[in-house]
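What follows is one structure encoded as structure tokens, with my remarks underneath.
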Amino acid sequence: MFKKPYRWAALYAAVLILFTLYAVLDTFVIPRTYAVVEPNSQTESSLSYSSSSAVNDNNSSSSSAETVSQSESSKSSVVTDPIVTASSYQDANISITITAYRKYGTDIYVADVVVSDASYLKTAFAQSTFGRNITEKTSVIAGETNAILAINGDYYGARKTGYIIRNGAIYRSTSYDSSQQDLVIYADGSFGIITEGEISVEKLLQNGAVQVLSFGPALIQNGTVAVSKNEEVDKAMISNPRTVLCMIDDLHYLLVVADGRTSESTGLSLYEMAQFLQTLGVKTAYNLDGGGSSTMVFNGKVINNPTTNGRQITERSVSDIVCIGY
Amino acid sequence: MSASVIELKKRKIRKTVGVYLGITAFCVLFSTVYEHFSHGVNSNAMIFLFAYPLAGGVLAFGLLGLIKKAPFPGRVSYNLYNSSIAALAAGSCFTGVLEIYGTSSDLGTVYWVTGVILIVLSVIFYLMSLVFKPLTEQ
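Protein chains in written order, with this note's numbering: chain A, 1 to 326; chain B, 327 to 464.
So this is what it looks like as structure tokens:
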């Protein structure tokens with residue numbers, strides 16, 4: 001088939017191609033389950049977070065037992081006659097108002113959320129499963145968890161490292177980078193920005209962390225813009241769709257998604273997003289996975305125009321969401 | 327080396343450098359197109375993909391051609407060396423794709439380890455050919 005001098009080249013090329021094919025499938029396609037989340041804990045409405053270490057995806061041992069309790073009196077789990085419009089939701093515990101802004105040649109969707117209890121701010125995994133290459137569209141995860149409002153999360157599945165605490169349980173305790181900034185949501189609903197090199201995930205749990213999202217960077221800290229004009233996510237150097245989780249005040253949040261990569265919306269740099277959020281009175285803002293992942297879902301309907309390539313408006317499947325609901 | 331051996335070496339060098347030049351051009355084209363559609367996400371591993379065939383192929387064999395006393399590598403050494411450059415270039419491409427996507431994989435290490443091992447083996451075989459074979463047989 002091949003001349004003798006080329007047999008080695010043909011054989012080696014075949015091995016290299018097959019290995020590369022396997023590596024690509026392993027990275028992007030083959031699902032690996034590390035932990036299945038009980039449905040009632042994923043959408044936990046209970047005020048007690050059972051904070052045991054659920055799993056560690058690099059199989060190192062990790063254990064922690066902590067119970068984060070919240071005031072029972074502050075919460076009513078009964079949804080009474082919500083008033084719902086195309087851009088708002090209101091009941092006794094949750095108030096959501098979505099406003100569209102036009103800044104920097106980009107449509108920005110801001111969901112203003114006020115809740116009576118911090119436990120209404122939740123996170124959820126795709127397929128209720130923590131793992132690699134386990135994804136679903138934001139709208140699908142939102143539907144599975146009965147979320148009223150949802151945005152995409154940090155897409156933890158794209159990375160093998162970076163702290164992950166969700167709904168009071170540790171899922172990953174390996175640091176991505178000593179300078180990696182994480183968003184910590186505490187049991188009282190307050191936000192904190194930490195760097196992974198300065199504190200362990202176990203210590204975070206002891207300190208009352210209920211959620212830890214690992215993407216970043218922090219856009220606003222203590223009401224001040226925390227990114228420079230040239231700062232970007234890893235190697236992204238231009239305007240892109242963005243997803244940001246913000247806190248204005250106690251139990252008062254903004255869930256923000258900006259369009260991008262289209263002729264209608266160019267997208268925002270991190271600095272532009274931070275400047276915009278500052279005008280809304282945000283005290284803490286944390287950048288989540290953007291680009292084609294950026295999606296906002298309200299009452300089962302996608303609000304923004306998610307796109308990966310700018311040509312097709314379609315949702316990308318993601319690992320996890322941040323949502324508001326019971 | 328005899329005149330015929332020198333002429334044979336020149337021909338092999340020209341052919342090898344030509345092939346590596348083609349591969350370098352392909353790498354430049356591939357990384358340029360890939361970066362163009364990466365929405366501003368840059369990866370040095372992708373941008374400098376061309377460096378492996380350029381430095382490891384064009385320059386290395388060009389240098390070998392300039393050293394008159396250095397014989398052209400034997401088949402085993404030649405195959406191992408080319409395979410190492412292929413592994414390193416494929417590893418760089420794979421890393422670039424992952425960096426642009428924003429993910430990582432432990433399997434990327436396999437390319438680098440394989441590339442280094444093959445390059446070391448090729449050098450060992452080349453040196454052994456110098457020691458155990460008369461230059462006239464090259």
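All C-beta atoms in this analysis are idealised placements derived from N, C-alpha and C, irrespective of residue type, glycine included.
Listed in chain order, which residues of the region 396-416 of chain B have Cβ atoms closer than 8 angstroms to some Cβ of chain A?
R401, N405, N408, S409, A412, A413 and A416
Which of helix, strand or coil does DSSP assign to L453(B)?
helix
What does DSSP give as the partner residue(s) for Y89(A) in the beta ladder?
V84(A) and I96(A)
Just to check my reading of the structure: G422(B) and G434(B) have Cβ atoms closer than 8 angstroms, yes? What is that Cβ distance to the nearest angstrom?
Going by Cβ atoms, the distance from G422(B) to G434(B) rounds to 10 angstroms, so no, they are not a contact pair.
Pick from L268(A), D117(A) and G105(A): whose alpha carbon is nearest that of E231(A)?
L268(A)
What do you get for M454(B), buried or exposed, if any count of 16 or more other CB atoms within 10 angstroms of its CB means buried?
By the C-beta density criterion, M454(B) is exposed, having fewer than 16 other C-beta atoms within 10 angstroms.
For a cutoff of 7 angstroms on Cβ pairs, would you count T421(B) as touching chain A?
no
In three-state terms, what does DSSP make of L433(B)?
coil
Could you name the residues of chain B that T20(A) contacts, counting a contact when the two beta carbons are closer than 8 angstroms?
A416 and F420
Taking only three categories from DSSP, how would you classify H365(B)?
coil
Checking the sheet assignment: what are the DSSP bridge partners for N287(A)?
V244(A)
Please decide whether S330(B) counts as near chain A, where near means a Cβ-Cβ distance under 7 angstroms.
no
Using the three-state DSSP reduction, which class does G281(A) fall into: helix, strand or coil?
coil
Does DSSP put Q275(A) in a helix, in a strand, or in coil?
It is helical.
Within the same chain, show all residues whose beta-carbon is closer than 7 angstroms to that of P379(B), passing over the 5 residues directly before and after it, in chain order.
So the qualifying residues of the chain are Y346, I349, T350, C353, I411 and A415.
I30(A) CB to nearest chain B CB: under 7 angstroms?
Not an interface residue.
Go ahead and pull the three-state DSSP assignment for Y12(A).
helix
Would DSSP call V37(A) helix, strand or coil?
coil
Enumerate in chain order the residues of its own chain whose CB-to-CB distance from N304(A) is below 6 angstroms, with the five nearest sequence positions on each side excluded.
Y109, V257, D259 and M296
Do you know offhand how far I373(B)'s Cα is from G400(B)'s?
32 angstroms
Mind listing which residues of the region 149-167 of chain A have their C-beta closer than 9 angstroms to chain B's C-betas, in chain order?
Y155, G157, A158, R159, K160 and T161
Alpha carbon to alpha carbon, how far is V15(A) from K160(A)?
26 angstroms
Determine whether the Cβ of T429(B) lies closer than 7 angstroms to any Cβ atom of chain A.
yes
Could you tell me which uninterrupted alpha helix (DSSP H) segments, each at least 4 residues in length, are contained entirely in the region 137-213 of chain A, listed from first to last along the chain?
138-144 and 201-206
Against chain A, does L433(B) count as a neighbour if the rule is that its beta carbon must be under 7 angstroms from one of theirs?
Output row for L433(B): interface = yes.
Using a 10 Å radius around the Cβ and a threshold of 16 neighbouring Cβ atoms, would you call H365(B) buried or exposed?
buried
How far does the beta strand (DSSP E) with I324(A) in it reach, from first residue to last?
Taken as a continuous stretch (DSSP letters only), the beta strand (DSSP E) holding I324(A) covers D320 to G325.
Just how far apart, CA to CA, sit R337(B) and V331(B)?
10 angstroms
Closest Cβ-Cβ distance between F387(B) and chain A: below 7 angstroms?
no
Using DSSP with H/G/I as helix, E/B as strand and the rest coil, what is K301(A)?
It is a strand residue.
Between A23(A) and chain B, is any beta-carbon pair separated by less than 7 angstroms?
Answer yes: the Cβ-Cβ gap between A23(A) and chain B drops below 7 angstroms somewhere.
What is the DSSP secondary structure of E333(B), reduced to helix, strand or coil?
helix
Report the residue from Q90(A), K4(A) and N207(A) whose alpha carbon sits nearest the alpha carbon of I185(A).
N207(A)
Can you give me the C-alpha to C-alpha distance between K203(A) and I170(A), rounded to a whole angstrom?
Rounded to whole angstroms, K203(A) and I170(A) show a C-alpha spacing of 11 angstroms.
To which residues does DSSP link D249(A) through a beta bridge?
H252(A)
Got a sec? Which residues, its chain only, sit under 6 angstroms from Q90(A) by beta carbon, not counting five neighbours each side?
These residues qualify, in order along the chain: I83.
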